[in-house]
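To convert, count from 1 in the sequence shown and add 210; that's the working numbering.
Ideal Cβ placement from N, Cα and C applies to all residues, glycine included.
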Amino acid sequence: MQPKLFIDGAWHDAAERGTIDVINPATERVFASIAAGTAADIDRAVAAAKRAGQGPWARTTGRERAAILRAIAAGIEAEKDRLARLEVEDNGKPLAEAEGDIADTIYCFNLYATYAEELEAKQGEQIAVPDDRFRTTIKYVPVGVAGLIVPWNYPLLMAAWIVAPALAAGCTLVLKPSEYTPITALALARICHDAGVPPGVVNVVTGLGRDAGAPLAAHPDVSKLAFTGSVPTGIAVATAAAKDVKSLSLELGGKSPIVVFDDADLEQVVEWVMFGIFWNQGQVCSATSRLIAQQGIAGPLVERLAAEAQRIKIGDGMGEGVQLGPLVSHQQYDKVLGYMETGKREATLVCGGGRPAGFNAGYFVEPTIFTNVPPSARIWNEEIFGPVLSVADFKTEDEALTLANTTEFGLAAAVMTKDLERAERVADRLEAGVVWINCSQPNFLEPPWGGMKKSGVGRELGTWGLMNFLEPKQITAYRSTDPWGWYLKDTKTG
Ligand code: NAD
């Protein structure tokens with residue numbers, strides 16, 4: 211594959227001709243090279259998107275865009291095995307998980323095709339106003355050029371979550387994938403083109419965050435920024451957005467609690483806690499990385515979890531039956547190992563805590579559990595973004611909620627109990643955008659997704675995700691022949 215950028219319907223070298231190596235995290239070998247986009251490439255891509263937004267794309271109907279979105283879904287479906295393998299090479303995740311990501315990506319494009327059709331039906335809808343001399347209708351217009359910046363943990367899926375609604379809304383876009391996992395975003399550019407997306411509507415500029423992401427966030431012709439990534443980068447993007455008063459949505463980090471009461475079914479709790487922290491190597495924004503267990507169940511639960519964690523099959527994501535692949539990059543590996551060392555000083559290590567034996571290459575770490583974690587510990591408060599579970603116990607429901615809610619994040623939370631009244635009560639009091647009862651991590655694309663507090667701004671997915679890319683516009687018409695009469699009457703009597 212040539213290291214090129216996709217701009218205005220064609221492949222281009224980066225303006226400065228730089229390239230970036232892409233590394234397979236299981237082998238630490240370079241498996242691809244991408245173009246290192248910079249501000250000049252972003253300028254070119256945004257200009258193409260702006261032009262395309264003023265051309266025939268602006269006049270497409272929701273039904274026409276739905277047909278294109280379905281063609282993109284079909285294009286991904288036709289290459290799904292290859293795309294899943296690329297995702298494993300790029301990110302390290304087990305193949306079965308990558309296959310799940312691609313299936314969700316296809317579903318996402320089809321879902322937003324349906325929303326594009328529904329949007330057309332809503333165009334010009336009348337809103338009741340309390341004066342029948344006026345008629346108010348609502349039109350939904352695309353917000354303009356969208357700058358989309360995504361992370362590496364679900365490379366294609368995180369892109370789909372914002373590319374699909376942007377296209378459904380009729381926006382044009384510039385997508386900046388993570389420099390660690392850019393390959394499937396480039397494949398998406400080609401698939402979009404083949405599906406009939408006009409030149410300039412979808413542009414993909416690869417590159418480093420500071421060289422390509424920052425100029426995209428700061429570009430004056432970008433009207434909307436949708437960012438998924440860490441809190442510090444989110445703040446930088448929000449600051450850039452504020453300068454031009456751009457529309458903004460942020461999907462940021464988390465440190466999500468899973469609260470387990472002593473009446474919960476131990477076997478089910480073990481399954482969900484394991485999934486909630488070790489899925490995708492724990493590199494999940496909504497990972498339930500803080501286990502808050504009621505005294506009584508806490509001891510036996512931690513014992514069972516430790517036994518299960520030590521049975522997890524670690525290896526190259528392409529390997530048969532592998533459940534835990536390598537972390538995405540050397541940087542992430544160093545960061546997670548650093549937290550494991552911090553945890554050994556702050557709490558009691560139950561299992562894991564380092565590199566698994568027998569691995570000479572690859573960014574592998576062990577599934578790790580710490581117990582007796584005090585609320586002041588760094589491993590309790592900071593997002594590790596790796597397979598590290600921190601456990602604390604509680605006596606009362608209020609104590610559990612205080613532990614759960616004392617965090618700067620508010621993305622997700624889970625509660626496990628057989629008492630459904632209590633489950634509902636606790637769910638209401640958990641400060642999170644997503645709450646799970648007796649499970650962790652199920653994710654559907656129809657409900658809203660996003661966080662409270664520092665976990666983000668706005669919501670993605672469902673029709674909320676579509677609204678992110680639309681400007682609702684009211685058109686109010688006066689239907690009387692007596693213009694001043696209305697005003698004078700109301701001001702005199704009012
Ligand atoms: P990151 O913030 O380091 O990078 C995200 C993207 O921003 C990358 O494409 C990067 O190149 C780009 N970037 C970096 N610096 C930039 C700058 N100054 N201006 C503009 N763009 C810049 O995050 P990451 O390490 O790639 O991803 C992990 C983070 O993403 C975690 O915190 C995780 O919780 C979060 N995340 C959140 C959700 C969610 O839905 N809330 C989903 C997935 C991941």
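By Cβ distance, which residues of its chain are closer than 7 Å to Met-528, with the 5 residues on each side in sequence left out? Working through the sequence shown from its first residue, we reach residue 528 at position 318. Answer for Met-528: Val-298, Leu-305, listed in chain order.
Does the stretch 283-303 touch the stretch 342-359, meaning 3 or more C-beta pairs lie closer than 8 Å? no
Cβ pair count under 8 Å reaching 3, the stretch 655-666 against the stretch 506-519: no
Taking the DSSP output, what are the residues bridged to Gly-620? Here the question's residue 620 lines up with position 410 in the sequence shown. Answer by DSSP bridge pairing, in chain order: Met-662.
Any beta strand (DSSP E) of 3 or more consecutive residues that is wholly inside the stretch 312-361: 335-337, 344-352, 355-359
Going by the CB atoms, is the gap between Leu-279 and Phe-216 shorter than 7 Å? As a working note, residue 216 is residue 6 in the sequence shown. As a working note, residue 279 is residue 69 in the sequence shown. No, they are not a contact pair.
Backbone secondary structure at Val-644 - three-state DSSP: The residue given as residue 644 occupies position 434 in the sequence shown. Here Val-644 sits in strand by DSSP.
Any chance the CB of Glu-461 is under 6 Å from a heavy atom of ligand 1? As a working mapping, residue 461 is identified with position 251 in the sequence shown. Yes, ligand 1 has a heavy atom inside 6 Å of this Cβ.
With a threshold of 6 Å (Cβ to nearest heavy atom), would Lys-495 be considered close to ligand 1? Numbered from its first residue, the sequence shown carries residue 495 at position 285. Rather than Lys, the amino acid found at residue 495 in this sequence is Cys. True, at least one ligand heavy atom lies under 6 Å from that Cβ.
Measure the alpha-carbon distance for Gly-660 versus Gly-302 and round it to whole angstroms. Along the sequence shown, one-based indexing puts residue 660 at 450. Along the sequence shown, one-based indexing puts residue 302 at 92. For Gly-660 and Gly-302, the distance between alpha carbons rounds to 25 Å.
Under 8 Å, with one C-beta from each stretch per pair, do the stretch 235-244 and the stretch 430-440 reach the 3-pair mark? no
Decide yes or no for the touch test of the stretch 237-256 against the stretch 404-423: beta carbon pairs closer than 8 Å, at least 3 of them. yes
Distance, Cα to Cα, Ile-233 vs Ser-539? Mapped onto the sequence shown, residue 233 falls at position 23. Mapped onto the sequence shown, residue 539 falls at position 329. Computed Cα separation, rounded: 8 Å.
7 Å CB neighbourhood of Met-368 in its chain, flanking five on each side removed: Indexing the sequence shown from 1 puts residue 368 at position 158. Contacts found: Val-360, Pro-361, Thr-438.
In this structure, does DSSP put Met-550 in helix, strand or coil? On the sequence shown, position 340 is the one that residue 550 refers to. Reduced to three states, the DSSP call for Met-550 is helix.
Can you give me the Cβ contacts of Gly-334 inside the same chain, cut-off strictly under 7 Å, excluding the 5 residues immediately before and after it? Stepping through the sequence shown from its first residue, residue 334 is reached at position 124. Thr-347, Lys-349, listed in sequence order.
Quick test of your reading: Ala-376 and Phe-604, contact by CB under 8 Å. State the CB separation rounded to the nearest angstrom. Taking the sequence shown and counting its residues from 1, one reaches residue 376 at position 166. Taking the sequence shown and counting its residues from 1, one reaches residue 604 at position 394. With 8 Å as the limit, Ala-376 and Phe-604 do not qualify as a contact, their Cβ atoms being about 43 Å apart.
Please name the residue or residues paired with Ala-246 in a DSSP beta bridge. Residue mapping note: residue 246 aligns to position 36 of the sequence shown, counting from 1. Ala-246 pairs with nothing; no bridge assigned.
Could you check whether the stretch 549-560 touches the stretch 307-322, counting it as contact only if at least three pairs of C-beta atoms, one from each stretch, sit closer than 8 Å? no
Mind checking whether the beta-carbon of Val-355 lies closer than 6 Å to any heavy atom of ligand 1? By 1-based counting over the sequence shown, the position of residue 355 is 145. No.
Local Cβ density within 10 Å of Gly-464, reported as buried at 16 or more and exposed below that: Numbered from 1 along the sequence shown, position 254 holds the residue referred to as residue 464. Looking at its Cβ environment, which holds 16 or more other Cβ atoms inside 10 Å, Gly-464 is buried.
With burial defined as no fewer than 16 other Cβ atoms inside 10 Å of the residue's Cβ, what is the status of Gly-357: buried or exposed? Position 147 of the sequence shown, counted from the start, is the residue given in the question as residue 357. By the neighbour-count rule (16 or more Cβ atoms within 10 Å), Gly-357 is buried.
Return yes when at least one heavy atom of ligand 1 lies under 6 Å from the C-beta of Gly-423, else no. Here residue 423 refers to the residue found at position 213 of the sequence shown. Flag set: Cβ of Gly-423 near ligand 1.
Below 8 Å on the Cβ atoms is my guess for Pro-657 versus Leu-676; work out the distance and round it to an integer in Å. Position 447 of the sequence shown, counted from the start, is the residue given in the question as residue 657. Position 466 of the sequence shown, counted from the start, is the residue given in the question as residue 676. Going by Cβ atoms, the distance from Pro-657 to Leu-676 rounds to 13 Å, so no, they are not a contact pair.
Between which residues of its own chain and Thr-703 is the CB-CB distance below 6 Å, once the five residues before and five after are set aside? Position 493 of the sequence shown, counted from the first residue, corresponds to residue 703. In this prediction, Thr-703 has a pLDDT of 46, which is less than 50 and means its spatial position is unreliable; what the coordinates show is noted afterwards. Here the set comprises nothing.
Classify Pro-266: buried if its beta carbon has 16 or more other beta carbons within 10 angstroms, exposed otherwise. Within the sequence shown, numbered from 1, the residue matching residue 266 stands at position 56. Exposed is the call here.
Quick check: Glu-624 and Thr-443, are their CB atoms within less than 7 Å of each other? Here the question's residue 624 lines up with position 414 in the sequence shown. Here the question's residue 443 lines up with position 233 in the sequence shown. Checking the displayed sequence, the identity of residue 624 turns out to be Ala instead of Glu. No.
Glu-656 lies in the alpha helix (DSSP H); which residues open and close that run? Here residue 656 refers to the residue found at position 446 when the sequence shown is read from its first residue. Here Glu-656 belongs to no alpha helix (DSSP H), and DSSP marks it neither H nor E.
Where Lys-702 falls: helix, strand or coil (DSSP): To locate residue 702, count along the sequence shown from 1; it is residue 492. In this predicted model, Lys-702 has a pLDDT of only 46, less than 50, meaning its place in the structure is not dependable; the value taken from the coordinates is given anyway. Lys-702: helix per DSSP, three-state reduction.
Residue range of the unbroken beta strand (DSSP E) whose run includes Val-234: If you number the sequence shown from 1, residue 234 lands on position 24. In the sequence as presented, Val is not what sits at residue 234; that position holds Asn. Asn-234 -> beta strand (DSSP E) spans 229-234.
Assess contact between the stretch 594-601 and the stretch 475-493, defined as three or more Cβ pairs (one per stretch) separated by less than 8 Å. Is contact present? yes
Proximity below 7 Å, CB of Arg-273 to CB of Glu-330: Working through the sequence shown from its first residue, we reach residue 273 at position 63. Working through the sequence shown from its first residue, we reach residue 330 at position 120. Taking 7 Å as the Cβ cut-off, Arg-273 and Glu-330 qualify as a contacting pair.
Please determine, among Asn-591, Lys-332, Thr-578, Gly-410, the residue with the shortest C-alpha to C-alpha distance to Cys-561. Reading the sequence shown from its first residue, position 351 is the one you call residue 561. The option with the nearest alpha carbon to Cys-561 is Thr-578.
From Val-447 to Ala-428, what distance separates their C-alpha atoms? Your numbering for residue 447 matches position 237 in the sequence shown. Your numbering for residue 428 matches position 218 in the sequence shown. Those two C-alpha atoms are separated by around 8 Å.
Tell me which residues share the same chain as Gln-684 and place their Cβ nearer than 7 Å to its Cβ, disregarding the 5 neighbours each side in the sequence. Along the sequence shown, one-based indexing puts residue 684 at 474. Answer for Gln-684: Thr-346, Ile-348, listed in chain order.
Is Gly-492 close to ligand 1? I mean its beta-carbon at under 6 Å from any heavy atom of the ligand. Along the sequence shown, read from residue 1 onward, the residue named residue 492 stands at position 282. No, the beta carbon of Gly-492 sits no closer than 6 Å to any heavy atom of ligand 1.
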